[in-house]
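Accompanying notes for the structure given below.
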Amino acid sequence: MNTTKSKSMIVGIDLGTTNSLVAFVEEGSPKVIPNALGKNITPSVVGLNDDGEVIVGEAARQRLTTHPDKTIATFKRYMGTDRRIGLGRKQYRAEELSALVLKSLKADAESYLGQKVDDVVISVPAYFNDAQRKATTAAAKIAGLNLKRLINEPTAAAIAYGLHSGIDDSTFMVFDLGGGTFDISILELFDEVMQVHACAGDNHLGGEDFTKLLLHHFLDKSGLTFKKLDQESQALLLRLAENAKAVLSSGENATMQFEKKGKHHEWVVTIAEFEKIVEPLLVKLREPIVRALRDADLKASELDCIVMVGGACRMPMIRKNVGKLLSKLPLGNIDYDQTVALGAAVQGGLIAQDQSLNEVVLTDVMPYSLGVGVVNPNARFEGDLLFSPILERNSPVPVSKVEPFFPSHEKQKTVNLGIYQGESRYATDNVKIGLVSMPVTPGPTDENQLDVRFTFDLNGILEVQVQKGDDVKRLIVEGNPGVLSKQEVQASLEKLSELKMHPREKLENVVVLNRAVRLYSQNIGERRDFLADIISFFETELATQDLEKIADARQRVEEALDEIDDDPLGL
Ligand code: AMP
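For the sequence shown, the residue numbers in our numbering are 419 to 989.
Following this line, the structure appears as structure tokens:
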């Protein structure tokens, strides 16, 4: 416990699809804060234990296969959508589940720093759209946090890298492949200014897609249909594929084995086979790289280095492919897991004007173009609209621009302007993020000028204003169920405050017990009997409530479990 931290601490949070971390700045350098288990990484997994208490992190992750109906992972994928996810008897939105992870990180930070932590910088994939950013903002509010800034993940990684590299002038690419998202940024560090030149990416491409392809191949080979399997088998199969993927990151082949209805299914997959299966994903990685280079007006040879972040970069084929594409091998000495959180902490320190930090000025860009839908004179179908961009991708942020628009005919009483994000000429091929309506008096169209102002702020959030004379309208989000209203955020806050959180200090025991229970369900015969004895022993010791005895028993049980657990990821 350290009690000498400044009062205006702003911590940095990497709220990842798979894992989350919290970091802070101490004496000019960022450090990751360990959680209640003493670990730097907290799995982004939320669950309910048998007493209905919420558990977050490793304790929940251990129950993914044994209690799939009471445990949820990878919900970041649903941020900015209206999807509800069942946990126990209730349904939750991704914002609410993310808020539980944030609350857990906040508690860890407060316990470690010995002071209240309210102010945060949270990292998001650069390619997160407006709804996903608003969802992250809502998650922070639901967790009772004061969000000071959203920072793009690759930009955060670049800050952390820039701080450590000691190189002042360089142009580099950050390649960020996480569990569910892929981001490319091209940056320049010059006279203590970190300038993002371009970014590109794919919101729905990440390490999990590699796992899924491996899984589908195994299912095909085994003649199994995923949807027809029970939830526990599905979770187990996903775990098998996830483990095989990780094994293939350091070995030549991996074995996937699965028993169902007395039938044994087995597949030894080689690295060459795996690379062939995921070839379509490798191809998909190329497009954003090429686009970012083009937008930055750079040739690959002009890049000084390539910085890789995100857990999925552990697959050697990623490094190899990127190296081949850019004729330059990515740097190998970056911490894939911690860099983004460290950069977010530095950004927090800069906002809090932490005197120990060297001033770094950061300029970021818009990840995509934003504009409105306008009538297509050569409409291909009813309702076909053209996209009229107002802010173009890769404009430096913050940015604000106004453009005039007119009603399409003289009898019009209302102008409905659809707000779109994307790069297609056709509005309908882009993502619709909202709608503003403005009443107009029927009459000559040129007398009904509407000034549409788009303002994109440092958090990557858009504000739209439409002005006609003195009449000003702000964006009314309609038909965008992915964005929570103020009242809904408040309702979520109340809903979560009713949940009982499992006490932090007892989490260590829960992790060990859940791990033993998971191993019990995965083993049979003598091993299973041995595990049953271990579980009974540990439960008896826990019942004594004697902390010293429990700590001693926990260590013994952990050692015994380590002998049995040959699972590289421990899922
Ligand atoms: P992140 O969101 O940055 O934590 O990245 C998580 C992704 O990294 C998940 O898809 C993991 O499966 C993947 N990952 C983690 N470790 C490995 C590994 N050793 N080999 C391959 N993928 C990994």
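Note that CB positions come from ideal geometry on N, CA and C, so glycine has one too. The model shown is predicted, which means the values in this text are computed figures rather than measured ones.
Sort out for me which residues DSSP pairs residue i with in a bridge.
i       : result
Ile-602 : Phe-593 and Ala-618
Tyr-510 : Ile-503
Cys-372 : Only positions 419 to 989 of the chain appear in this structure, which leaves residue 372 out of reach.
Asp-782 : Val-815
Gly-791 : Phe-805
Gly-852 : Ile-837
Pro-822 : Asp-869
Glu-444 : Ser-447
Lys-428 : Residue 428 is actually Ile in this sequence, not Lys. For Ile-428, which the question treats as bridged, DSSP gives the partners Asp-537.
Asn-437 : Pro-461
At a threshold of 7 angstroms, does residue i count as lining the ligand AMP (C-beta to nearest heavy atom)?
i       : result
Met-733 : yes
Ala-525 : no
Asn-621 : no
Gly-434 : yes
Gly-475 : no
Thr-781 : no
Thr-863 : no
Asp-755 : yes
Ser-667 : yes
Ala-662 : no
Thr-460 : no
Asn-848 : no
Ala-978 : no
Asn-812 : no
Thr-859 : no
Ala-653 : no
Thr-573 : no
Gly-729 : yes
Asn-992 : As displayed, the chain neither begins before 419 nor continues past 989, which places residue 992 out of reach and without an answer.
Glu-691 : no
Thr-673 : no
Thr-629 : yes
Gly-625 : yes
Gly-498 : no
Gly-430 : no
What residues in its chain sit with their C-beta under 8 angstroms from that of residue i, if we drop five residues either side in the sequence?
i       : result
Arg-843 : Leu-804 and Phe-805
Val-929 : Leu-455, Glu-476, Ala-477 and Gln-480
Phe-799 : none
Gly-840 : Tyr-786, Ser-787, Phe-805, Asp-847, Asn-848 and Val-849
Lys-639 : His-683 and Trp-685
Asp-526 : Val-440, Ile-451, Pro-452, Asn-453, Ala-454, Thr-460 and Arg-922
Beta-carbon within less than 7 angstroms of residue i's beta-carbon, same chain only, minus the 5 sequence neighbours each way: which residues are those?
i        : result
Val-758  : Asp-432, Ser-541, Glu-571, Ala-574, Ala-575 and Val-727
Asn-927  : Leu-960, Ile-968 and Arg-972
Leu-937  : Leu-949, Leu-979, Ile-982 and Asp-983
Leu-523  : Ile-431, Ser-438, Val-440 and Thr-460
Pro-825  : Val-833, Val-858, Thr-863 and Asn-866
Asn-1001 : Residue 1001 lies beyond the residue range present for the chain, which begins at 419 and ends at 989; the question has no answer from this structure.
Lys-702  : Asp-620 and Leu-623
Do residue i and residue j have their C-beta atoms closer together than 8 angstroms?
i       : j       : result
Phe-593 : Ile-428 : no
Thr-629 : Glu-660 : yes
Val-858 : Gln-885 : no
Ala-672 : Leu-482 : no
Met-591 : Ile-604 : yes
Pro-816 : Leu-788 : no
Phe-874 : Leu-868 : no
Lys-891 : Met-856 : yes
Ile-602 : Gln-765 : no
Thr-599 : Gly-619 : yes
Ile-851 : Asp-548 : yes
Gly-470 : Ile-490 : no
Ala-556 : Leu-914 : no
Ser-462 : Thr-436 : yes
Leu-876 : Arg-551 : no
Val-474 : Val-519 : yes
Lys-521 : Ala-558 : no
Val-443 : Ser-667 : no
Asn-794 : Asp-802 : yes
Ala-544 : Ala-616 : no
Are any of the Cβ atoms in chain D nearer than 8 angstroms to that of residue i?
i       : result
Val-935 : Checking the listed chains, one finds no chain D in this structure; it contains a single protein chain.
Residues in its own chain within less than 6 angstroms of residue i by CB, not counting five upstream and five downstream?
i       : result
Leu-835 : Val-790 and Val-854
Asn-739 : Leu-700
Gln-675 : Glu-684
Ala-553 : Met-497, Gly-498 and Glu-513
Cys-731 : Leu-595 and Tyr-754
Arg-737 : Pro-748
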